[in-house]
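Input: a single structure, listed below in structure tokens.
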Amino acid sequence: MRIIIPMALLLALAAPALAGGPPPADQDWPCKQRRTGAISRAAIWAGPAAQGRWDDDSEAAALAHKLASRRTPIEEVAPLVDAFAQKAGGDKDRRLTLVFEGTLDLINEERDKVLAGIARYARGQRALAAKVSADAEKAADAQEKQGDQGVDQGVLAPETLEKANPELKWDKRIFNDRAQALTYVCESPVFLEQRAFAIAQAIQEKL
Amino acid sequence: MTARFALALLALACAAAPARAYTIYVTDEKGNTITLIDSDTLAVKQTVSSGRRPRGVMTSPDGKLLYVCASDDDGIQVFETATMKLLRTLESGPDPEQFTMNKAGNLLYIANEDNAEVTILDVVKNQVLANVSVGVEPEGMALSPDGAMLVATSETTNMAHFIDANTFRRIDNVLVDKRPRYALFTPDGAGVWVSSEVGGTVAVIDAATRKILKKLRFDVPGLTPEEVQPVGMRITRDGNTVFVALGPANRVAVVDAHTFEIRKYLLVGQRVWHLALTPDEKHLFTANGNSNDVSVIDVANLKVIKSIPAGAAPLGVASSPD
């Protein structure tokens, strides 16, 4: 009994994160989607290769910052690109390519931070699951000792354990809330990928 | 008129015939809709509400019914294609994801992701004939052209399970690369292609011996191996060409089915999941989950000719039959 309760708790807690399967190979990656590194140029760009550095062209760099920022609504991307293209005249393709390069670098930078955040989240959940398991084991130990002293074994039910150990209940709740947020957490890099793709499309249309 | 001349005339007549308009059905996981596209005008004809998280989609062989896996509603919805009215919801078992149907149109073979089972459902009687246990998280489902063999892939166990479609007994398991998601029989029934999303490969399995004949890899220039995630596949009726959707590579690979040479990578929308060929094989449609559109490929010229918005996170796509 002493072993069974904490194990059952741990399994119940871990289940939402693992979606029914065995633990993923990368323990710091809780998402169903495969972890991918930076978004490759070739994944979203069929235009020419960049000539020069994007941050050497201050106007291109300013536009790249503006496009990459999530504060800029996606509907504003096409008109901004259009205005830049008209101003660039004969040098349009080369400079629009620099805008794309800059945007992709900036979005990849932000996406890197998001990925690191997901890894931190996964480590937090693992630590919490271990803590809940250890607390439950401790609580069960204590109650079993009481059982040895003639107290009814029925008190080992998980609800009774939680009642006697409020911290256990809280940790479990935090874990479950976070597990429910997992889908959203895992979607956050996708929003950035979508943005990069949409901007690349808008720029390519002007080449 | 010699027979040969008659044949030549017939061929000419066929070549000159205008393209038939098919209906393309697209499910979107997050919008809970089915988008209907006219394959001739390439315009959206209608958008219909579906159950929650619609994924697998196909028409009955006569084209009169449309089956949709409503994964989060644990059922398969049946629409009448003429009116797009929901006729009924079939008891599929929990979380149906992909399925296939026999030629007679009375049996559905469903992969139930949550309970590691393949459900064989008589759609006329709305009655489960059998549940076959397979590996964890079954997904891809394919029936051999002669209807005798069923293949299910299990995403977590990493196997292609071969099931006798008459006795519903599992007869063999073939270990493939990580997260197999789609299975496809060649038209002659001799080969089974299985795509592995995380492994980044496609295994070509001899259906008779269940040995892997070839493992295809996709080196798309400029992409990292992790970005190449093969999912949906389609094969031309002559068995010569296989199209493989490569997920976040945003590409469809065009593969020679005999030499396994990759003829071309076509840049389509973002995160391409599943594919549908019109029966005349003029167009290939791709459901792109992140760019929320469908790309249209001109099959003869292997060119992407259009993007059509199709709800939120499109995943499944099917064409009406001839």
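Protein chains in written order, with this note's numbering: chain A, 1 to 207; chain B, 1 to 322. Backbone N, C-alpha and C fix where the C-beta goes; we use that ideal spot for every residue, glycine too. Quantities reported herein were computed from a predicted structural model and do not represent experimental measurements.
Relative to the C-alpha of residue i, which candidate in the options has its C-alpha closest?
i         : options                                    : result
B/Trp-273 : B/Gly-63, B/Phe-285, B/Ile-262, B/Asp-280  : B/Phe-285
B/Gly-239 : B/Pro-145, B/Val-68, B/Ala-70              : B/Pro-145
A/Ala-134 : A/Trp-29, A/Glu-167, A/Pro-73, A/Gly-117   : A/Glu-167
A/Thr-36  : A/Arg-71, A/Val-77, A/Gly-90, A/Val-114    : A/Val-114
B/Ala-310 : B/Ala-21, B/Val-26, B/Gly-135              : B/Val-26
B/Ala-165 : B/Val-304, B/Thr-209, B/Val-132, B/Gly-222 : B/Val-132
A/Gln-201 : A/Pro-79, A/Gln-27, A/Gln-33, A/Lys-145    : A/Pro-79
A/Lys-172 : A/Ala-181, A/Tyr-184, A/Glu-137, A/Lys-131 : A/Lys-131
B/Phe-218 : B/Leu-108, B/Ala-152, B/Ala-245            : B/Ala-245
B/Val-176 : B/Gly-191, B/Ser-196, B/Val-220            : B/Ser-196
B/Val-123 : B/Thr-89, B/Lys-306, B/Met-141, B/Val-255  : B/Thr-89
A/Ala-129 : A/Leu-207, A/Asp-177, A/Gln-33             : A/Asp-177
A/Ser-69  : A/Tyr-184, A/Thr-183, A/Arg-111, A/Gln-125 : A/Arg-111
B/Ala-306 : B/Ala-313, B/Pro-279, B/Val-268            : Residue 306 of chain B is actually Lys in this sequence, not Ala. Checking every option, the nearest Cα to that of B/Lys-306 belongs to B/Val-268.
A/Leu-104 : A/Ala-139, A/Ile-44, A/Glu-159, A/Ile-74   : A/Ile-44
A/Gly-102 : A/Gly-89, A/Glu-76, A/Asp-57               : A/Asp-57
B/Pro-187 : B/Lys-125, B/Val-255, B/Thr-241            : B/Thr-241
B/Arg-237 : B/Glu-155, B/Leu-184, B/Leu-66, B/Val-220  : B/Leu-184
Give me the Cα-Cα distance between residue i and residue j, rounded to the nearest whole angstrom.
i         : j         : result
B/Pro-94  : B/Ala-253 : 33 Å
B/Asn-32  : A/Arg-95  : 41 Å
B/Ala-116 : A/Ala-179 : 23 Å
B/Pro-248 : B/Leu-150 : 29 Å
B/Ile-235 : B/Arg-251 : 16 Å
A/Cys-208 : A/Leu-192 : Because residue 208 of chain A is not part of the residues shown, which for chain A are 1 to 207, the question remains open.
A/Leu-106 : B/Lys-215 : 37 Å
B/Phe-168 : B/Ala-130 : 7 Å
A/Glu-109 : A/Arg-41  : 14 Å
B/Tyr-331 : A/Asp-55  : Residue 331 of chain B is absent from the model: chain B starts at 1 and stops at 322.
B/Gly-63  : B/Pro-321 : 6 Å
A/His-65  : B/Gly-105 : 55 Å
A/Phe-175 : A/Leu-63  : 41 Å
B/Val-304 : B/Asp-40  : 15 Å
B/Glu-281 : A/Ala-49  : 34 Å
A/Tyr-121 : A/Gln-143 : 33 Å
A/Glu-59  : A/Pro-189 : 27 Å
B/Ala-344 : B/Phe-162 : No answer is possible for residue 344 of chain B: it lies beyond the span of chain B, which begins at 1 and ends at 322.
A/Ile-118 : B/Asp-206 : 41 Å
B/Pro-180 : B/Ala-21  : 33 Å
A/Arg-53  : B/Phe-79  : 55 Å
B/Ile-297 : A/Lys-206 : 22 Å
B/Ser-295 : B/Ser-60  : 24 Å
B/Met-58  : A/Ala-38  : 35 Å
B/Gly-189 : A/Leu-182 : 41 Å
B/Ser-92  : B/Gly-51  : 13 Å
B/His-258 : A/Ala-61  : 49 Å
Spatial neighbours of residue i within its chain, please: CB distance less than 6 Å, with the 5 preceding and 5 following residues excluded, ordered by chain position.
i         : result
B/Arg-53  : Glu-29, Ser-71, Asp-72
B/Gln-270 : Asn-250, Asn-288, Asn-290, Ser-291
B/Met-141 : Gln-98, Phe-99, Thr-100, Tyr-109, Ala-111, Ala-152
B/Met-84  : Val-48
B/Val-174 : Ala-160, Ile-205, Arg-210
By Cβ distance below 7 Å, which residues in the same chain neighbour residue i in space, the five residues on each side in sequence not counted?
i         : result
B/Glu-97  : Arg-55, Gly-56, Cys-69, Ser-71, Ala-111, Glu-113, Glu-139
A/Lys-169 : Glu-162
B/Asn-102 : Leu-143, Gly-147
A/Arg-71  : none
A/Asp-93  : Pro-48, Leu-207
B/Ala-318 : Tyr-25, Val-57, Met-58, Thr-59, Ala-276
If you drop the 5 nearest sequence neighbours on each side, which residues of the same chain put their C-beta closer than 8 Å to that of residue i?
i         : result
A/Ala-46  : Gln-204
B/Phe-260 : Val-204, Lys-214, Leu-216
Kindly say whether residue i, judged by its beta-carbon, lies nearer than 8 Å to any beta-carbon of chain C.
i        : result
A/Gly-90 : In the structure shown, chain C does not exist; the protein chains are A and B.
How about residue i: is its Cβ closer than 7 Å to a heavy atom in the ligand SAM?
i         : result
A/Phe-100 : The ligand SAM is absent from the structure shown, which contains no ligand whatsoever.
Problem - Sufficient close CB pairs (3 or more, under 8 Å) joining the region 200 to 208 of chain B to the region 221 to 231 of chain B - result: Contact between the region 200 to 208 of chain B and the region 221 to 231 of chain B is present, because at least three Cβ pairs lie under 8 Å.
Problem - Cβ contact check for the region 187 to 204 of chain A and the region 289 to 303 of chain B: 3 or more pairs under 8 Å - result: Enough Cβ pairs lie closer than 8 Å, so yes.
Handout entry: Segments of 3+ residues assigned as beta strand (DSSP E) that fall wholly inside the region 146 to 233 of chain B
Key = Runs of the beta strand (DSSP E) inside the region 146 to 233 of chain B: 149 to 154, 159 to 164, 170 to 175, 180 to 185, 191 to 196, 201 to 206, 212 to 217.
Practice task
Within the region 248 to 289 of chain B, note down every full beta strand (DSSP E) run reaching 3 residues or more, in order along the chain.
Solution key: Within the region 248 to 289 of chain B, the complete beta strand (DSSP E) runs of at least 3 residues are 251 to 256, 262 to 267, 272 to 277, 283 to 288.
Exercise for the section: Report the residue ranges of all alpha helix (DSSP H) runs contained in full by the region 17 to 80 of chain B; include only those spanning at least 4 residues, in chain order. Expected result: Here no run is fully enclosed.
Exercise for the section: Can you check the region 92 to 129 of chain B for any beta strand (DSSP E) of at least 3 residues that lies completely inside it and give the ranges in chain order? Expected result: Listed in chain order, the complete beta strand (DSSP E) runs (minimum 3 residues) inside the region 92 to 129 of chain B are 96 to 101, 107 to 112, 117 to 122.
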